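Structure first, commentary second.
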Amino acid sequence: MAQNRVNVAGVDVSTDHYIAGQRIASKKHFLDRSPIDGAALADVSAGGAAEADMAVTAARRAFPAWAALGPEGRAPILRRFAEGILARSADLSAVETVDNGSLLSGNQHRVVPRAALNISYFAEHALTLRGHTIDSPEVVNHIHYDPAGVAVLITPWNGPMMLTTWKIGPALAAGNTIVVKPPEWAPLTCSLLADIAHEAGVPAGVLNVVQGIGEEAGAALVQHSDVDRISFTGSTDTAQIIGAAAAHSITPVSMELGGKSPFIVCADADLKAAAQTVAGQYINAGQVCLAGTRILVEEPVAEKFLGMIRDAVSHMTVGDPRDANTRVGPLIHPDHFARVEGFVERARSEGVEFLWGGARHNQGELYFQPTLIAGARRDQEIFQSEVFGPVLTWNTFRNDHEAIEVANATKYGLAATLFCGNEERAMRIASGVVAGTAWVNCFFVRELAAPFGGARRSGIGREGSKYGIEEYLEIKAVTLAGL
Ligand code: NAD
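Counting from 8, one number per residue, gives the positions in the sequence shown under the working numbering.
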């Protein structure tokens, strides 16, 4: 089935779309480069309205048979898909790292196992979706969980393997057919996922991949009139465009968006653990949606705690993400580097204080120094806007009321991290912050059975858990009388 394939990090990867079980090329291409050293990796097909229509049509045709299989018929195929992901762990990890600059060790040990679980978990969960009945005086109501139909799944470059499988798993397990639009700055692992699905026996047309630029391939998919669900992970700005397109055909949309999450440290916290965790916010060069980028520390311990973070950060290696010692890799793209640098320079011109960092790292073109900024006021851009780079802000608080107020002082509400030594106080602060997820004395724990998502401008809907699969279901009441 291969038409155009390239060797990336020793792995054979198709640069074509995957539509109706076939590899299909476009005349137009885009060049994908590695952020590690700028090396050209692949000329990837750039789809538009024609490819989007082909893929949606293929998904629509495949839908009745896939839906009719039921959860029992789909589960063995999805289990094989998950096993195929695990079997190709080395390939997927190597390609993801070269393509988006994320840490190789993290991809091997955390991301690939989780990507497989994202598929197998929902295959099993779907077996439990039995519907139920509600008796009324003269009727019986049967509640059915029907697959919604054709779902378009759009994902960003900072974690394509994890974030795409997190959508593919519930969408397919629920009985939908899908069209995936991978990110143009890291499109390659999604192509490998299509190969793995093919080999696992996912029927032709059930999973389709349209490669391309967001404003072309992505826009064509979200504007298509025969789509039943859109699931989007990406920036809040793009979400507004997609929301407007979906409004035209009243297509339900779920959205996982940006964040500017608080990281609150109380005076009685385990400061050593908190400092290590703050340093961890620089991982993947801060290109992590849920990173706690606004450090808020209780005044009496602020100076001591700052020294502890400084010490933890000084031990972090910035460099090639394939090196096991590296903690901070490159930013994804020169455009993104310029964006991050723009935030930093505007903050500098407004007179903030740099506790460390604030400039390009000598490791290379796309590497930025871990940066901590003090003295930002609540109304300043650096306090309000998502930088999506290794840039944190530093503020102090005097009491719980102030901590909650400052934590909630942005338009976002994705996550909040809190280190605290007192359970009652921790629960009070966790209850007060506006966030889809609040971690207490831990960070980045993403239990698949627990919902994940954003409040306010950080999203609509939830992923993971029973709430995540409901995004892909049509819940129908069949009301029977006289039978
Ligand atoms: P982005 O919004 O620029 O792009 C995301 C995806 O949307 C890409 O595949 C892109 O091609 C596509 N796209 C762009 N324009 C489109 C359009 N007009 N129509 C349809 N699709 C379009 O975001 P990004 O820069 O790739 O990713 C970074 C952002 O993603 C950050 O804001 C980050 O916080 C967010 N993010 C959120 C989560 C979460 O779970 N909440 C996870 C990861 C990343």
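Don't be surprised by glycine CBs; every beta carbon is placed ideally from N, CA and C.
No experiment lies behind these values; they were computed from the predicted model shown.
Helix, strand or coil at residue i [DSSP, three-state]
| i | result |
| --- | --- |
| N148 | strand |
| Y3 | It is not possible to answer for residue 3, since the shown part of the chain is limited to 8 through 490. |
| F451 | coil |
| D153 | strand |
| N165 | coil |
| V229 | helix |
| L490 | coil |
| T140 | strand |
| L515 | This structure does not reach residue 515, given that the chain is present from 8 up to 490, and the question cannot be answered. |
| L110 | coil |
| L85 | helix |
| M8 | Model confidence at M8 stands at a pLDDT of 46, short of 50, so the residue's coordinates are unreliable; what they give is reported in the following sentence. Coil. |
| E357 | coil |
| L297 | coil |
Supposed close pair residue i, residue j - CB separation, criterion 8 Å
| i | j | result |
| --- | --- | --- |
| V157 | V234 | 5 Å |
| I290 | L110 | 7 Å |
| I339 | W192 | 5 Å |
| I389 | A354 | 4 Å |
| H132 | A207 | Contact doesn't hold; Cβ gap of about 18 Å is too wide. |
| I220 | G176 | With 8 Å as the limit, I220 and G176 do not qualify as a contact, their Cβ atoms being about 26 Å apart. |
| R405 | E306 | 6 Å |
| P190 | P163 | 5 Å |
| T444 | R301 | Contact doesn't hold; Cβ gap of about 16 Å is too wide. |
| G466 | M262 | 5 Å |
| P269 | V440 | 7 Å |
| L170 | Y152 | Their Cβ separation, rounded to whole angstroms, is 24 Å, which puts L170 and Y152 out of contact at 8 Å. |
| T196 | D106 | 7 Å |
| K174 | S256 | 20 Å between Cβ atoms; not a contact. |
| T243 | L214 | Wrong, their Cβ atoms sit about 28 Å apart, outside the cutoff. |
| N448 | C427 | 7 Å |
| I476 | F129 | 6 Å |
| V272 | A280 | Not quite, the Cβ-Cβ distance comes to about 10 Å (not below 8 Å), so this is no contact. |
Span separating the alpha-carbon of residue i from that of residue j
| i | j | result |
| --- | --- | --- |
| A9 | I248 | With a pLDDT of 48 at A9, under the threshold of 50, the modelled position of that residue is not reliable, and the figure given next carries that caveat. Answer to the nearest angstrom: the Cα atoms are 34 Å apart. |
| L199 | E409 | 48 Å |
| L480 | R236 | 9 Å |
| T514 | N332 | Because the chain spans 8 through 490 in this model, residue 514 falls outside it and cannot be assessed. |
| S112 | E103 | 11 Å |
| L124 | V118 | 10 Å |
| R334 | G77 | 44 Å |
| V417 | G396 | Looking at the sequence provided, one finds Thr at residue 417 rather than Val. Using only the alpha carbons, I get a separation of about 18 Å. |
| I141 | L134 | 21 Å |
| G108 | G460 | 25 Å |
| R469 | A345 | 32 Å |
| V159 | G54 | 14 Å |
| F350 | R81 | 47 Å |
| N114 | P71 | 35 Å |
| Q370 | V398 | 17 Å |
| V320 | A286 | 5 Å |
| M61 | S52 | 14 Å |
| T184 | L303 | 44 Å |
| S21 | A381 | 46 Å |
| A437 | G299 | 14 Å |
| G365 | L379 | 8 Å |
| L99 | H116 | 12 Å |
| A442 | E58 | 38 Å |
| R12 | V18 | 10 Å |
| P83 | A488 | 37 Å |
| L228 | Q29 | 19 Å |
| M434 | W446 | 10 Å |
Bridge-paired residues (DSSP) for residue i
| i | result |
| --- | --- |
| E310 | In DSSP, E310 forms no bridge with anything. |
| L160 | V187 and S238 |
| I302 | F270 and W401 |
| K483 | H151 |
| I467 | M262 |
| V335 | V325 |
| T444 | A422 |
| E222 | Per DSSP, none; premise fails for E222. |
| F1 | Because the chain in this structure spans residues 8 to 490, residue 1 falls outside the shown range and cannot be described. |
| R367 | F375 |
_Runs of beta strand (DSSP E) lying entirely within the region 374-423, each at least 3 residues, in chain order_ = 378-381 and 398-404
*Note down, one range per segment and in chain order, each alpha helix (DSSP H) of at least 4 residues found wholly within the region 10-35.*
none
*Kindly provide the ranges of any beta strand (DSSP E) runs that are 3 or more residues long and lie completely inside the region 38-67, ordered along the chain.*
47-52
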